[in-house]
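K.L.:
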Amino acid sequence: MFEQRPAGSDEVDLAGSNSHRVELQKLEAALAKSQVQDTSPVPRRRRRPSQTKATSRTPQRLERRLSRTEKNELIQAYHDGASTAELARRYRASKSAILELLTKHKVRADTSR
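When the letters of the sequence shown are read in order and numbered with UniProt numbering, they come out as residues 1 to 113.
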């Protein structure tokens, strides 16, 4: 009925005395059949194209991306009347990132803009 396995075998018979032996035999036969018939090559995984320095992403946090000089220029431009939307376009950032940087540097918001 079932093949006898040597005592040192890595395989374990998990079918106890209360299992459905007929169903287990069908599964073992199907497994053996599928292992014999499956000769198809294993598909190779596609690799991501490597990123070069020209296409690599810039850091997302504006605080890290801008130098101290650029931050001072941004703050001065805001004091001179530039809107946050204009600064966001100029420094390629969101308006909320500009406002966060201004708040961190204790620049008072101009509500008349």
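Virtual Cβ for every residue (Gly too), placed ideally from N, Cα, C.
Note that this is a predicted model, so its numbers are computed, not measured.
(1) Whole angstroms is fine: what's the gap from TYR91's alpha carbon to ARG48's?
(2) Any idea what DSSP makes of GLN35, helix, strand or coil?
(3) Is DSSP giving TYR78 helix, strand or coil here?
(4) Excluding sequence positions up to five away, which residues of its chain have a Cβ less than 8 Å from the Cβ of ALA88?
(5) Please state the DSSP three-state secondary structure of ALA88.
(6) Since I believe LEU101 is in contact with GLU70 (beta carbons under 8 Å), could you give me their beta-carbon distance rounded to a whole number of angstroms?
(7) Expressed to the nearest angstrom, what Euclidean distance is found between the alpha-carbon atoms of VAL22 and GLU28?
P.N.:
If we stick to the structure as given:
(1) In the sequence shown, counting from the first residue as 1, residue 91 sits at position 91. In the sequence shown, counting from the first residue as 1, residue 48 sits at position 48. So the alpha carbons of these two residues sit roughly 30 Å apart.
(2) Against the sequence shown, residue 35 aligns to sequence position 35. Residue state, collapsed to three classes: helix.
(3) As a position in the sequence shown, residue 78 is number 78, starting the count at 1. Three-state DSSP puts TYR78 in a helix.
(4) For the purposes of this step, residue 88 is taken as the residue at position 88 of the sequence shown. Result list for ALA88: SER94, LYS95, ALA97, ILE98, in chain order.
(5) Within the sequence shown, residue 88 is the residue found at index 88, counting from 1. The answer is helix: DSSP assigns ALA88 an H, G or I state.
(6) Locating residue 70 in the sequence shown gives position 70, where the first residue counts as 1. Locating residue 101 in the sequence shown gives position 101, where the first residue counts as 1. That belief does not hold up - the Cβ atoms of GLU70 and LEU101 are roughly 10 Å apart, past 8 Å.
(7) Numbered from its first residue, the sequence shown carries residue 22 at position 22. Numbered from its first residue, the sequence shown carries residue 28 at position 28. If you take the alpha carbons of VAL22 and GLU28, they lie about 10 Å apart.
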